[in-house]
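Going letter by letter, the sequence shown gives residues 2 to 127 in the numbering used here. Every residue gets a Cβ at the ideal spot worked out from N, C-alpha and C, and that includes glycine. None of the values given here were measured: they were computed from a predicted structure.
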Amino acid sequence: MRHRVSGKKLGRSTGQRTGLRRTMIKQFFTNGRMQTTQAKAAFIRGEAEHLITIAKRSASGDDAAKVHARRLVAARLGGAPEVVKKLFDDISPRFANRNGGYTRVFNLGPRKGDAAEMVVLELVEE
Numbered sequence: 002m003r004h005r006v007s008g009k010k011l012g013r014s015t016g017q018r019t020g021l022r023r024t025m026i027k028q029f030f031t032n033g034r035m036q037t038t039q040a041k042a043a044f045i046r047g048e049a050e051h052l053i054t055i056a057k058r059s060a061s062g063d064d065a066a067k068v069h070a071r072r073l074v075a076a077r078l079g080g081a082p083e084v085v086k087k088l089f090d091d092i093s094p095r096f097a098n099r100n101g102g103y104t105r106v107f108n109l110g111p112r113k114g115d116a117a118e119m120v121v122l123e124l125v126e127e
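What follows is the structure in structure tokens.
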């Protein structure tokens, strides 16, 4: 029984899941949208929204809070300074007046090869 067990394993080991999450979130923030399976979109959606919230809240803090927020996000993304810069300078100001719900999921239907449910995950435009 999986009572009160959070998260999905996606058939991967811990290191593979961490790498998959980091890579997908980096690609998502770089491009603004991505086509993936429904399971993987649900897997990264909450984490991506949480990182946007961290970046958004740091804008009203002092310099130490801003540095701390950037370091938190960089640690979650495994470095990637260009993605962190884009998140803090471009993405989070767009959502300054929005209380959550930064992403949107569109269903595309099943994939031909294995009938996996495909979706498009994208950032909401104001």
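Next on the checklist: Three or more C-beta pairs under 8 Å: does that hold for the segment 36-49 against the segment 111-124?
Outcome noted: With a cut-off of 8 Å on Cβ pairs, the segment 36-49 is in contact with the segment 111-124, counting three or more such pairs.
Checklist entry - What's the gap between the Cα of proline 82 and the Cα of alanine 75? => result When rounded, the distance between both Cα atoms is 7 Å.
Checklist entry - Quick one: complete beta strand (DSSP E) runs, 3+ long, within the segment 38-114? => result 104-111
Next on the checklist: Please report the straight-line C-alpha distance between isoleucine 45 and lysine 67, rounded to a whole angstrom.
Outcome noted: 24 Å
Checklist entry - Quick one: what's got a C-beta closer than 6 Å to alanine 70's C-beta in the same chain, skipping five residues either side? => result Ile55 and Ser59
Checklist entry - Is the CB-CB distance between glycine 101 and glutamate 50 below 8 Å? => result yes
Item to check | Rounded C-alpha distance that separates alanine 97 from valine 125 | outcome: 13 Å
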